[in-house]
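Worksheet: one structure, shown below.
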Amino acid sequence: MTNTVLLVGNLGTDPETRTTRGDTRVTSLSLGTSRPKRDSEGKTFKDANGFTAKETEWHRITCFNGLGKTVSQFATKGMLVSVRGRIHYSKWTDKEGVERYGCEIIADDVQFLSRGKPAAEGGANQADIDDDLPF
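Numbering (UniProt numbering), first residue to last: 1 to 135.
What follows is the structure in structure tokens.
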């Protein structure tokens with residue numbers, strides 16, 4: 001049995017990175033995926049212009065250490081990326097004693113399918129990305 005997820009979508013925000021007390025780098029992403037909107041009969045819903053309407057779902061993605069470093073350096077809001085990883089569910093009790101649940105994707109691999117910000121806007125150019133990637 002495996003727990004494998006493959007998502008392709010656009011980043012909703014720039015990555016956010018933090019470091020744990022144990023010096024583990026944790027980078028968080030918000031990834032939006034879309035699918036056709038369906039009517040009550042299960043048929044694809046069309047908008048007023050005849051285009052297929054879409055529903056967006058947002059996924060929390062977590063990257064660790066080297067992958068997190070690469071993603072935080074080169075990924076930017078709006079980029080098209082693919083994420084391969086696993087689903088992780090969490091359960092905790094908040095300060096008021098209420099049990100809470102969460103779901104995130106722990107990334108094993110992130111592929112950049114579009115370019116980020118141009119170098120003139122503070123982003124990296126493709127040569128910088130190619131030189132810094134670990135493969």
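Every residue, glycine too, gets a C-beta built ideally from N, C-alpha and C.
Here the structure is a predicted model, which means the values were calculated and not measured.
For Thr44, no beta strand (DSSP E) encloses it, and the DSSP letter there is neither H nor E. Rounded to the nearest whole angstrom, the CA to CA distance from Asp108 to Val83 is 8 Å.
Scanning its chain for C-beta atoms nearer than 8 Å, with the 5 sequence neighbours on each side dropped, one finds around Glu57 the residues Gly32, Thr33, Ser34 and Arg35, in chain order.
Scanning the segment 1 to 83 from its first residue to its last, the whole beta strand (DSSP E) runs of 3-plus residues come out as 5 to 11, 16 to 19, 25 to 36 and 54 to 64. Non-local beta-carbon contacts of Leu67 in its own chain, meaning distances under 7 Å to residues more than five positions away in sequence, involve Ala107 and Val110 in chain order. Comparing alpha carbon positions, the residue from Cys103, Lys54 and Val5 closest to Ser90 is Cys103. In the structure shown, the three-state DSSP call for Asp109 is strand.
A Cβ-Cβ distance of about 5 Å is found for the pair Val26 and Arg18, placing them in contact under the 8 Å criterion. In the three-state DSSP reduction, Glu96 falls in the coil class, being neither helix nor strand.
In the three-state DSSP reduction, Arg86 falls in the strand class (E or B).
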